[in-house]
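Reviewing the structure listed below.
There are 2 protein chains.
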Amino acid sequence: MDDKEVITPRSKDYSQWYLDVVRAADMAEVAEVVKGCMVIKPHGYAIWEKIQRELDDRFKATGHHNAYFPLLIPESFMRKEADHVEGFAPEVAVVTHAGGKKLEEPYVIRPTSETIIGYFFAKWIESWRDLPLKVNQWANVMRWEMRTRLFLRTGEFLWQEGHTAHDNHEEAKEEVMRMLDVYADFAENVMAMPVIKGQKSEHEKFAGAVSTFCIEAMMQDGKALQAGTSHDLGQNFGKAFDVTFQNKEGKLDYVWQTSWGVSTRLIGGLIMTHSDDNGLVLPPKLAPIQAVIIPVCQKEADKERVMAAANALFSELKGAGVAVKLDDRDYLRPGAKYYEWERKGVCLRIELGPKDLDKNQVVIKGRIAEKKEFIPRENALNVVLNMLADMQKELLSRAKAYRDANIVSDIADYKGLSDLFAKENKFVYANWCGSPACEAKIQEENKATIRCIPLIGSEPTGPCVCCGGEGKHRVYIAKSY
Amino acid sequence: MDDKEVITPRSKDYSQWYLDVVRAADMAEVAEVVKGCMVIKPHGYAIWEKIQRELDDRFKATGHHNAYFPLLIPESFMRKEADHVEGFAPEVAVVTHAGGKKLEEPYVIRPTSETIIGYFFAKWIESWRDLPLKVNQWANVMRWEMRTRLFLRTGEFLWQEGHTAHDNHEEAKEEVMRMLDVYADFAENVMAMPVIKGQKSEHEKFAGAVSTFCIEAMMQDGKALQAGTSHDLGQNFGKAFDVTFQNKEGKLDYVWQTSWGVSTRLIGGLIMTHSDDNGLVLPPKLAPIQAVIIPVCQKEADKERVMAAANALFSELKGAGVAVKLDDRDYLRPGAKYYEWERKGVCLRIELGPKDLDKNQVVIKGRIAEKKEFIPRENALNVVLNMLADMQKELLSRAKAYRDANIVSDIADYKGLSDLFAKENKFVYANWCGSPACEAKIQEENKATIRCIPLIGSEPTGPCVCCGGEGKHRVYIAKSY
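Chains as they are written, first to last, in this note's numbering: chain E, 1 to 481; chain X, 482 to 962.
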């Protein structure tokens, strides 16, 4: 086997396994000529398109409209919100020349669009009748990162950013939670990736927000992945960009804003939640190819009838809405095809040869099943549909079981915490006094952070795991991507 | 009426009419803080989403897969293809700093992606088995333009760019024509915008192409709009980026490439093909809102039954796949709503009041119809569906008739050509000797260009309209956007 084909086992080197899976499934590659950036290859992009379609439907169903704002932001805009510039200025890419000339004021490539959107909201909003204003943008953004990793952290990435303005704080806060729920529902019911909904600490919140809510997922190495965020921006950007409206009483006030986003990082989460040492595993709802039909035919004399049967099955499955592919390449042996599609995360493969035709059967192998199954031909469609539905459920319950088994709830003190993180990655569910000092100490000494104060189950059950002082919240602490 | 609400009549000032329609329909606005760029507002972006969906389905049906390549391109890449750099270098935006540091090599923001994609094709392609490679990218691109115009020419715009590689020139040329046909079919059958398919002159072809094909449409002011292009790149980029493959005979050769694209400029074409002095007119296949239901109800006592009937009609239309909106805003009079939706290009409006309920009817007014129609309630759905289908056809035949009436085929000599362009805008269908000198003279003295050598009807019928020398092609000459 070619060296570049090997998938390193997870137990040997989890980081290398991840990169190997991305490569073996032909999803993306490092664009080494553009620092920190990547090319998303067709098999990776097809997953992103499915993610987009599912999310976009949910955004529209909750009353949002898509729009498009400029890629470039005047550098001065970034300075208008004090926390925002501090958070983002160090990592922006700057356009200083254009059209052959030096620009009077440089532009930054958007790292996120609160500022430029704030500017336009100020132009568009006059009265309460213009509110709520609820837009979303699918776009590329750029953050100059030092240490990058395909899908998880790249200089340029694709995302969506929702931006809304409201005439009162309550409604804005409802929006923040509504979109957090949309993300959590999508993560669990489409990605089959269980998540914990929670609030970020003051230290971890978005630069410029009043508060940030997130969904956190556990990867197979026990680390946390922040998979989506929803921010209550309060009136911070409203004040910075003078976004005022006349309320029903005729008085001017600043709007209350929210923003929320998920990115191509979700694809990294998908890989690290489900995949195995044989390659990519995808939940059927996001698989670009759910079933592949592979004709197995050694004798030329059998070829015609096998291909006819394969084509008939293809049409039947396609007609029923299955994302099916017929692999009729004649320069590859069936074994090579099994191997390729397994690595690429096709949910199930169907083998069809002369003997199967004689027995009026098909052979089906699910991607996460242990054995092949021999299915009467007339049941093929039903079995395929059932296997896909079962796989969707199985992946979620498997991931949930894994996560729950790796949450440690009985850490008594700081020594226990340090000992644990010194030897393994888990979610530690422990009490915290709420002080930034303890948060900083935990992070510096253990490389683990407070992932979130969960929406459910944050009532303290004892003293702070760090200082022993009075517990204020029960939180999740973990190493993270 | 507020000054900012006026739509200047086309007869008075066509350019201002165009800008007024874009504003009145709330489609986009100039982002004056980002030179030459625009914000695409929800009503404009919704049209782009419909365009994307229709085109993307066609690209996939012809065997293309979407991918995503980096926004930034190393400046040195632009210089690898001599014609390409000459064409694009003057209008690129340049990133010189990032992450707080000056970059060793600047990046340009992609004006188009042949170079960066050529680089990756070289990595991905080894043998004829990897060909054809057919990818498409939906992306933002940037060209620093001096004179911009919403949708038609902006510093940043959204587009798709298809890029394919083939193992022989014939197949590449077939691809070029296939995608030109896809564009022409889309333009006529979805946009209801008739187009002339043709080849660009050497002078007008894409910087780096062997030949460029295009679709050209006539706007209502008689000017031409280049609505899409499809390029035969030959082996130019293959040689520049060393994209080689082993052919079936085991020899190394350079791949044959194509590229093709359409952009948000199509929305400008849509506006200028169909709209009128009352605002936007959209073909039903691209209208974000095909029908709007407006309850007409003065007395509070009638409100409940009118709203119940409006909701029932809404559900019926929506269930049948009509993009319908129920405008239940209670702070606007019906007349104000009619006015708003007319300007926004809703295909038809349905009025529903107590008297209509009593008569068991609905009142329907088509956007391009002269009069209201009174339709029995039980026929409403059928009439709506028929009106939408008819409108789609009517817009195309109306645009075709307009175009054909404004093609001048009997210009005998250069004086006739000059006299015509001195006083009006038409498509002049005339003979050309093929010389760059005549092409340049026509352009310099008349501000009109050879739009294309049509695929059908390019046989010369007489001497060159410019120099009187032997005619080589019959071509379309017009002023253009």
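Where is the CB? At the ideal position from N, CA and C, for every residue including glycine.
Computed from a predicted model, the values in this text were never measured in an experiment.
Review point. Which residues of chain E have a Cβ atom closer than 7 Å to the Cβ of residue 530/X, listed in chain order?
Key: 66, listed in chain order.
Exercise for review: Tell me residue 211/E's beta-bridge partners as DSSP assigns them.
Suggested key: As DSSP reads the structure, residue 211/E sits in a beta bridge with 232/E.
Check your understanding: Taking C-alpha atoms, which residue in 126/E, 243/E, 84/E and 79/E lies nearest to residue 106/E?
Key -> Taking residue 106/E as reference, the option from 126/E, 243/E, 84/E and 79/E with the minimal CA-CA separation is 79/E.
Check your understanding: Can you give the Cα-Cα distance for residue 209/E and residue 114/E, rounded to whole angstroms?
Key -> Taking the straight line from one Cα to the other gives about 10 Å.
Check your understanding: So which residues on chain E does residue 560/X lean against when the C-beta distance must stay under 7 Å?
Key -> Using a Cβ-Cβ cut-off of 7 Å, residue 560/X is close to nothing in chain E; its nearest Cβ partner there is about 14 Å away.
Review point. Got a sec, what are the start and stop residues for the alpha helix (DSSP H) residue 505/X sits in?
Key: From DSSP, the alpha helix (DSSP H) with residue 505/X extends over 495-505.
Point to revise | Length of the line joining the Cα atoms of residue 167/E and residue 133/E | key: So the alpha carbons of these two residues sit roughly 10 Å apart.
Check your understanding: With 8 Å set as the bound, which would you pick, yes or no: does the beta-carbon of residue 1/E sit closer than that to a beta-carbon of chain X?
Key -> Caution applies to residue 1/E, whose pLDDT of 49 falls short of 50 and renders its modelled position unreliable; the model cannot decide the point.
Check your understanding: Quick one, are the C-beta atoms of residue 710/X and residue 693/X less than 8 Å apart?
Key -> Their beta carbons are under 8 Å apart, which means residue 710/X touches residue 693/X by this criterion.
Review point. With burial defined as no fewer than 16 other Cβ atoms inside 10 Å of the residue's Cβ, what is the status of residue 275/E: buried or exposed?
Key: Buried, since its Cβ has 16 or more Cβ neighbours within 10 Å.
Practice item. Could you list which residues in chain E have their beta carbon closer than 9 Å to that of residue 792/X, in chain order? Key: What residue 792/X touches in chain E: nothing, since even the nearest Cβ is about 18 Å away.
Practice item. For the beta strand (DSSP E) containing residue 74/E, list its first residue and its last residue. Key: Where residue 74/E is concerned, the enclosing beta strand (DSSP E) starts and stops at 72-74.
Exercise for review: Below 8 Å on the Cβ atoms is my guess for residue 323/E versus residue 289/E; work out the distance and round it to an integer in Å.
Suggested key: Between residue 323/E and residue 289/E a beta carbon distance of about 6 Å is seen, short of the 8 Å cut, so the two are scored as contacting.
Practice item. With a floor of 3 residues, list each beta strand (DSSP E) that falls wholly inside the segment 294-374 of chain E, ordered by position along the chain. Key: Segments of the beta strand (DSSP E) lying fully in the segment 294-374 of chain E: 324-326, 348-352 and 361-366.
Check your understanding: Taking C-beta to C-beta, are residue 748/X and residue 525/X nearer than 8 Å?
Key -> Residue 525/X is positioned such that its CB atom lies closer than 8 Å to that of residue 748/X.
Practice item. For residue 245/E, return the contacting residues in chain X, with the cut-off set at a CB-CB distance below 7 Å. Key: The CB of residue 245/E never comes closer than 7 Å to any CB in chain X; the least such distance is about 15 Å.
**Study point:** Backbone secondary structure at residue 857/X - three-state DSSP
**Key:** Shown here, residue 857/X sits in a strand according to DSSP, grouped into three states.
Exercise for review: Find the nearest neighbour of residue 292/E within the set 218/E, 120/E, 47/E and 348/E, judged by alpha-carbon distance.
Suggested key: Ranked by Cα distance from residue 292/E, the options 218/E, 120/E, 47/E and 348/E are led by 348/E.
Review point. Between 516/X, 766/X and 754/X, which lies nearest to residue 802/X when the distance is taken from Cα to Cα?
Key: Ranked by Cα distance from residue 802/X, the options 516/X, 766/X and 754/X are led by 766/X.
**Study point:** Proximity to residue 671/X [Cα-Cα], best of 539/X, 907/X and 927/X
**Key:** The residue with the shortest Cα to Cα distance from residue 671/X is 539/X.
Review point. With 16 as the cutoff for other CB atoms within 10 Å, does residue 362/E come out buried or exposed?
Key: By the neighbour-count rule (16 or more Cβ atoms within 10 Å), residue 362/E is buried.
**Study point:** Span separating the alpha-carbon of residue 938/X from that of residue 955/X
**Key:** Going by C-alpha positions, residue 938/X is about 7 Å away from residue 955/X.
Check your understanding: Which residue comes first and which comes last in the beta strand (DSSP E) that contains residue 478/E?
Key -> Segment 473-478, the beta strand (DSSP E) holding residue 478/E.
Practice item. Rank 914/X, 714/X, 522/X and 887/X by C-alpha distance to the C-alpha of residue 905/X and give the top, closest one. Key: Nearest Cα to residue 905/X within the set 914/X, 714/X, 522/X and 887/X: 887/X.
Exercise for review: Give the residues of chain E in contact with residue 521/X, contact being defined as C-beta atoms less than 7 Å apart.
Suggested key: Correct list: 67 and 68.
**Study point:** Residue span of the beta strand (DSSP E) that contains residue 453/E, given as start and end
**Key:** Element bounds for residue 453/E: 449-454.
Point to revise | Proximity test, Cβ basis, 8 Å: residue 158/E and chain X | key: Interface residue, yes.
Check your understanding: Would you say residue 511/X reaches chain E, if we count a Cβ-Cβ gap shorter than 8 Å as a contact?
Key -> No - not a single Cβ of chain E is within 8 Å of the one on residue 511/X.
**Study point:** residue 119/E beta carbon less than 8 Å from that of residue 241/E
**Key:** The beta carbons of residue 241/E and residue 119/E sit closer together than 8 Å.
**Study point:** Reduced DSSP category for residue 545/X - H, G, I as helix; E, B as strand; rest coil
**Key:** When DSSP states are grouped into helix, strand and coil, residue 545/X belongs to the coil group.
Check your understanding: If you run the structure through DSSP and keep just helix, strand and coil, what is residue 253/E?
Key -> DSSP, read as helix, strand or coil, puts residue 253/E in strand.
Check your understanding: Out of curiosity, what's the CA-to-CA distance linking residue 256/E and residue 234/E?
Key -> Taking the straight line joining both Cα atoms gives about 5 Å.
Check your understanding: In terms of residue numbering, what span does the beta strand (DSSP E) encompassing residue 136/E cover?
Key -> Per DSSP, residue 136/E is one residue of the beta strand (DSSP E) stretching across 133-142.
Review point. By Cβ distance below 7 Å, which residues in the same chain neighbour residue 491/X in space, the five residues on each side in sequence not counted?
Key: 498, 701 and 758.
**Study point:** 7 Å Cβ cut-off: residues of chain X touching residue 93/E
**Key:** Under the 7 Å cutoff, chain X gives 576 and 579.
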